[in-house]
Amino acid sequence: MTTNERIVLLDPRRSLENLWQDLQQAFERVMRSGHYIQGPEVEGFEKECADYLKVREAIGVSSGTDALIVALMALDIGPGDEVICPTFTFFATAGSIWRVGAKPVFVDCDPVTFNMDPNDVARKINSKTKAIIPVHLFGQSADLDSILALAKKHSLFVIEDAAQAIGAHYQNRPVGGFGDIGCFSFFPAKNLGAYGDAGLVTTQDPKLGQKIRMLRTHGGLNKYEHPLVGGNFRLDALQAALLRVRLPHLENYTQARQHNAERYTQKLSQMAQGGKKNGQAPLILPKSVTTRHVYNQYVVRIKNGRRDALQNFLREQHIDTAVYYPLCLHQQECFRSLNYRAEDFPVSQQLSREVLALPIYAELRESELNQVVEKITAFFS
Ligand SMILES: *Cc1c(COP(=O)(O)O)cnc(C)c1O
Numbered sequence: 008m009t010t011n012e013r014i015v016l017l018d019p020r021r022s023l024e025n026l027w028q029d030l031q032q033a034f035e036r037v038m039r040s041g042h043y044i045q046g047p048e049v050e051g052f053e054k055e056c057a058d059y060l061k062v063r064e065a066i067g068v069s070s071g072t073d074a075l076i077v078a079l080m081a082l083d084i085g086p087g088d089e090v091i092c093p094t095f096t097f098f099a100t101a102g103s104i105w106r107v108g109a110k111p112v113f114v115d116c117d118p119v120t121f122n123m124d125p126n127d128v129a130r131k132i133n134s135k136t137k138a139i140i141p142v143h144l145f146g147q148s149a150d151l152d153s154i155l156a157l158a159k160k161h162s163l164f165v166i167e168d169a170a171q172a173i174g175a176h177y178q179n180r181p182v183g184g185f186g187d188i189g190c191f192s193f194f195p196a197k198n199l200g201a202y203g204d205a206g207l208v209t210t211q212d213p214k215l216g217q218k219i220r221m222l223r224t225h226g227g228l229n230k231y232e233h234p235l236v237g238g239n240f241r242l243d244a245l246q247a248a249l250l251r252v253r254l255p256h257l258e259n260y261t262q263a264r265q266h267n268a269e270r271y272t273q274k275l276s277q278m279a280q281g282g283k284k285n286g287q288a289p290l291i292l293p294k295s296v297t298t299r300h301v302y303n304q305y306v307v308r309i310k311n312g313r314r315d316a317l318q319n320f321l322r323e324q325h326i327d328t329a330v331y332y333p334l335c336l337h338q339q340e341c342f343r344s345l346n347y348r349a350e351d352f353p354v355s356q357q358l359s360r361e362v363l364a365l366p367i368y369a370e371l372r373e374s375e376l377n378q379v380v381e382k383i384t385a386f387f388s
């Protein structure tokens, strides 16, 4: 293939063709029903998600961010409380803690999995700590055994931020059902993408499920009685109906991502082993250490300070990549008043300078993947 057509990180239009008729039917069904907020499409989608994720309760919400906020609200977390979360994650994980009035307490991550380091979690627990939010970053489960053990020992809640990890497993069970609450996102770039914003909250506790359902609609039992103050965190019927078309294909999408990851790993492994001449390898490949990594991202580490140079080179060669995340959350201006010190997060800071996400989406063509590998090889030779 020629390099005329840009290789992008994600082209969500490529999945449309196969689904077009089904999407059109779903659209018509909702439009003609006259029922646009919640209702039967949302209920149907919730049931199908609960089955897929093997959880008792699945509650559709307006976004992954709102899933986190409503989860924190349901656990009565607010001013005076501390919540432990990774510094190396998407902004919403900590932003939601801040928005309920609690304090995000950041921890460093593991250099191999990029996930929250349980040893650092243990160091940061104190009498104000109320919850831990592990993030299953890039599609791989965090070290849940260690985190759940710490939570149990100190009576803390666990909210899984599974926004990037729908269908990922920890010890052969889907993530999102291990902690008190699980939070998912259907932002278009996630493994199950909607056509707009959408999210999901999961729990194994029916009481908590009922509370989340109330909080989703202004904390109301019905239209006029409000035992709680909630918000408008509802999922649109249209998004639910369109997501119901895509959910049965999620396994195929996941397998395609895993297949792409295997091909990258196979084709880049020689470079990752380093040259005999000058020792250090120019890149480090991602590692799957859990029973099912779903590769929302395929993130390599570029050594010797050459990450930005490689990204620029690939861009010139019509290949898009991305840096998740160039700034850790403890470095964000909005959290400056919390006075976090860079020295406390050495691994995350190093990763923010080395990581590069390669195109991995389900519809990426083999010729495109080969082109990415070829250009990376050319850059390093
Ligand atoms: C995408 C994402 C969110 C937020 O989801 P939205 O649907 O975009 O609000 C939260 N946490 C993580 C780790 C994410 O990747």
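8 is the number of the first residue of the sequence shown in the working numbering; add one for each residue after it. Even for Gly, the Cβ is constructed at its ideal location relative to N, Cα and C. Everything numeric in this text was worked out from a predicted model, so none of it was measured.
### Check: residue 113 C-beta below 7 Å from any heavy atom of ligand 1
no
### Message
Nearer than 7 Å: is that true of the beta carbon of residue 171 relative to any heavy atom of ligand 1?
### Response
yes
#### Entry: Among 197, 109, 239 and 288, the one whose alpha carbon lies nearest that of residue 261
197
### Task
Run through the stretch 294-318 for me and flag every whole beta strand (DSSP E) of 3 or more residues, listed as ranges in chain order.
305-309
### Task
Inspect the CB distances between the stretch 253-273 and the stretch 68-79 and report whether three or more fall short of 8 Å.
no
### Task
Note down, in chain order, each residue of its chain lying with its Cβ closer than 7 Å to the Cβ of residue 356, except the 5 sequence neighbours on either side.
335 and 349
### Query
With respect to the beta strand (DSSP E) encompassing residue 191, which residues constitute its N-terminal and C-terminal limits?
188-192
### Task
Could you have a look at residue 62 and say whether DSSP puts it in helix, strand or coil?
coil
### Query
How close, in whole Å, do the beta carbons of residue 104 and residue 144 come, if the pair is a contact with beta carbons under 8 Å?
With a Cβ gap of about 17 Å, residue 104 and residue 144 do not count as contacting.
### Task
Compute the minimum distance between the beta carbon of residue 138 and the heavy atoms of ligand 1, and state whether it is under 7 Å.
no
### Alpha-carbon spacing of residue 24 relative to residue 30, whole angstroms
10 Å
### Query
Per DSSP, which one or two residues make a beta bridge with residue 206?
68 and 192
### Query
Name the DSSP beta bridge partners of residue 167, please?
189
### Query
Below 8 Å, can you find three or more Cβ-Cβ pairs linking the stretch 251-266 to the stretch 362-381?
yes
### Query
Taking 7 Å as the line, does the beta carbon of residue 97 fall inside it for any heavy atom of ligand 1?
yes
### Task
Assign residue 296 to one of two classes, buried (16 or more other C-beta atoms within 10 Å of its C-beta) or exposed (fewer than that).
exposed
### Task
Please report how far the alpha carbon of residue 279 lies from the alpha carbon of residue 386, in whole angstroms.
14 Å
### Query
Can at least three beta-carbon pairs, one atom from the stretch 157-167 and one from the stretch 185-199, be found at a separation below 8 Å?
yes
### Message
Is residue 121 a contact residue of ligand 1, with contact defined as CB to any heavy atom under 7 Å?
### Response
no
### Task
Provide the residue span of the alpha helix (DSSP H) that contains residue 151, from first to last.
151-161
### Query
Exposed or buried, what is residue 92 when buried is set at 16 or more other beta-carbons lying within 10 Å of its beta-carbon?
buried
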